[in-house]
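The next block holds one structure in the form of C-alpha cells; read it before the comments.
Protein chains in written order, with the working numbering: chain A, 47 to 346; chain B, 3 to 346.
As C-alpha cells, this is what we get:
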C-alpha cells in the first residue's frame, strides 16, 4: 500500500476537511477523516477533528452540513461515529459521549415525512427512515448513515433502527444494487449506482436477508467495480463489500489506482478519508459490530 | 441580487401538495403576476434559433455562434465576464447518452464564449448522485474538460450564498445558491431535449434545478419537490442572474424521461437568449402544446414569451423539424398535446 502513507500524511495535516479544497470545513469529510485517523493510530490529529465536530454541534444535537450552515443535519450520524471512534483512544473525552447522546436524541426525534403509497412507485413509501432535509421524504443514504450510527452505539434493536433496516432492504433493486432511493417508477426499474449501493451494504453488514436482494447488490458491485471506478464510489463500494466478507482480491490495487488519480487532481480531504477507511478492508471501523444485529435490544 | 435578508435557519421544506407535484401551477399565477419587475418582460418578443442536421463531431461552435448572434446576443457583453455553462448531468450512464448533455456541445459553447473574451466555467450539481466525479467520468465530460482545459465547479458542494426568491410562486423565501452561480455574469443553460414523466418535457428552465446544491437540498433535491416542481422551476429562474439557452437536441430522449426514456435522434441544436421562449419552441418541435405545460404557464409573459406570435424564429422553421415525442401513459400527461393537426 504505497499510497497509504501519503494519504495519511496529507489527511493528518488537514486543518480543514472539506469536499473540495478551498471550501469551508464540512461535517461529513471531517467526521470520516477523524474516524480514519483514529483507526490508523493518529489519535492527536483525529481528536482535533472530533473537537471541531463538537464545535459544530447545534444545541438540539444535530450537526449542520458545514461550518457555515447549521442545517440540514443529515451528517449528524457521521459525527456520532467519529466521536464513537475515540472510545479506546487515550485522547477520549467525556464531551464526546455527551455529543453522542445529544446527537442520538436528535436522530431518534427526526424522521422522513410520511408519503402515501401510490401505484407509481415500486418501493414502500410508508416506511420511516431519515430525510436529507427535515420535513421531506426518507431517502436511502441518510437512512443508511443514521442506521449505521445506531448500530455502532448499541441501538441496533431500536424500533427506528429495525424500520431503517427494512427500508434499506426495500429500496434495493430486484436486479441488484440501489440508487438514491427509488426502485420502480411508472413500471420501470431504475438504474443502480455504486456509491449508494456500497453505503447501503455497509449499513446492512451482518444482516440476514431472505429476499436475496443483498446478495444481488453484492453481485452488482462485484460486476461494476474496477480500477477505473471513481474514488468515492470505489471506497463506499469496497466498504460495502467488506461488510459482507466479499472483498475482491484486487481491492488494494484498485484503491491504489484511485488514490493516484485523487492525489493528482484535487486531493480533497473527503476522498483521502474515504481512501484511508477503505484501505482497512475487513478492519474498517465503519463496519457494523458483529453483535449489533437484529436481536440487539435497544438501550434506554 | 444578493440581499441583506437573513436566510432561514432551515432549507424551508413545504408541506407536500401532491397536486402541485403533478400540475397545479394555476393557483400560483395570481401571486406571480403581481411581481413588479416581472411585468417588464410581458409581451416582449424573443428570438429562438433552430439548427438541423447537427452532429456531435460537426462544427458545433459555428452553429452556436450563429444561433446566439441570430437571437440578439451581444458578444461584447461577455468580454472579461464570468460565464457559467450548466449542462445536464443528472445521472449519467454510458449506455444512455440520450439522458445527459453531450460534452461536445459544452466544449463548443465554451469555445464560442472564450473567443468572445469570457472567463468560462462549467458547473453542475447532479441531482441523483453524490459522486460528482462519477457523473463527470460516465458522461465523458471529465475527459472533454481536461482536453479543453475547462475548469469545473461542483455545484452540489460549493460555498453558498443566499438569494431572495424573486418569483414567489413557492413559499420559499429564497435560495442557497453556489457562489459560482451568484457571481456569474451569464448562466448558459445547456439542457438535453427530453420528455419528463411528471411535467411532459423539460428544457432550459428545468435544467437550472442543477444549480441548487445537494448539500442543502438533498439528492434528489426533494425540498423543491415539496415546494412544487413547476413553481420552483419558475422561482429559481426568476432569481438567477441573466441566462441564455443552448439545447442539445442532437440525440434526444422520448418516452419515460428524464432518466429511463428511449433515444430519439433529432439532429437539432436550439439556441436563444430567453429560456422560456426556447422551451416553448422545444415543445412545439416535440408536438406538445407549450401553453399546457405547467411551468411554462407560470413563466409565460413573466419570464418570457410562450405564444408563437411573440417568438421570432431563426434558422430552421420549427414546423419543418417537428416530430412527435412519445410519452408514457399517465394521467398527468394527458392534455399536453395541441388540439388538431400541428404539423402542416
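In this text, a Cβ means the ideal position worked out from N, Cα and C, and glycines have one as well.
Since the structure is predicted, the reported quantities are computational estimates derived from the model, not experimental observations.
- When C-beta atoms of the segment 163–182 of chain B are compared with those of the segment 95–112 of chain B, fewer than three pairs fall below 8 Å, so the two segments do not count as touching.
- Here residue 147 of chain B carries a helix assignment [DSSP, helix/strand/coil].
- By the neighbour-count criterion, in which 16 or more other beta carbons inside 10 Å mark a residue as buried, residue 91 of chain A falls on the buried side.
- In this structure residue 255 of chain B does not touch residue 244 of chain B by the C-beta definition: roughly 28 Å separates them, more than the 8 Å allowed.
- Taking residue 252 of chain B as reference, the option from B:237, B:269, B:274 and B:261 with the minimal CA-CA separation is B:269.
- If you look at residue 249 of chain B, you'll find it in the beta strand (DSSP E) that goes 245–256.
- In summary, the residues of the segment 130–141 of chain B whose CB is separated from some CB of chain A by less than 7 Å are 130, 131, 132, 133, 135, 136 and 139, in the order they occur in the chain.
- Setting aside the 5 residues that flank it on each side, residue 52 of chain A is surrounded in the same chain by 305 and 309, each with a C-beta closer than 8 Å to its C-beta; the list follows chain order.
- Listed along chain A, no residue sits closer than 9 Å to residue 313 of chain B by beta-carbon distance, the nearest being about 32 Å off.
- Leaving aside the five residues that flank residue 213 of chain A on each side, the residues in its chain whose CB is nearer than 6 Å to its CB run, in chain order, 173, 175 and 189.
- Neighbours of residue 222 of chain B in chain A, taken as residues at a C-beta separation under 7 Å, are given in chain order as 226.
- Across the set B:315, B:263 and B:261, the C-alpha of B:315 shows the shortest separation from the C-alpha of residue 286 of chain B.
- No residue range can be given for residue 217 of chain A, since it is assigned to no beta strand (DSSP E) and is classified by DSSP as neither H nor E.
- Residues of chain A whose Cβ lies closer than 8 Å to the Cβ of residue 199 of chain B are, in chain order, 231 and 232.
- Against residue 193 of chain A, chain B offers no close residue; the least beta-carbon distance is about 17 Å (beta-carbon pairs closer than 8 Å).
- Contact residues of the segment 255–278 of chain B toward chain A are 258, 261 and 262 (C-beta to C-beta distance below 9 Å).
- Below the 9 Å Cβ cutoff, chain B contributes 131, 132, 133 and 136 as neighbours of residue 241 of chain A, in chain order.
- The three-state secondary structure of residue 333 of chain A, taken from DSSP, is coil.
- At a beta-carbon threshold of 8 Å, none of the residues of chain A lie near residue 247 of chain B; the nearest stands roughly 27 Å away.
- Taking C-beta atoms under 8 Å as the contact rule, residue 177 of chain B and residue 214 of chain B qualify, at a distance of about 7 Å.
- Going by DSSP, residue 314 of chain B is part of no alpha helix (DSSP H) but of the beta strand (DSSP E) stretching over 313–317.
- Here the segment 112–131 of chain B lies against the segment 217–226 of chain B, with 3 or more beta-carbon pairs under 8 Å apart.
- Among the CB atoms of chain A, one or more fall inside 8 Å of the CB of residue 156 of chain B.
- In the three-state reduction of the DSSP assignment, residue 290 of chain B falls in the coil class.
- For residue 268 of chain A, the enclosing alpha helix (DSSP H) covers residues 259–270.
- A distance below 8 Å separates the beta carbons of residue 249 of chain A and residue 193 of chain A.
- Pairing residue 257 of chain B with residue 189 of chain B gives a Cβ-Cβ distance that is not under 8 Å.
- Inclusion of residue 284 of chain A and residue 297 of chain A in the CB contact set at 8 Å is warranted, their separation being smaller than that value.
- Here the C-alpha atom of residue 295 of chain B lies approximately 49 Å from the C-alpha atom of residue 294 of chain A.
- Residue environment analysis places residue 103 of chain B among the buried positions, since at least 16 neighbouring C-beta atoms fall within 10 angstroms of its C-beta.
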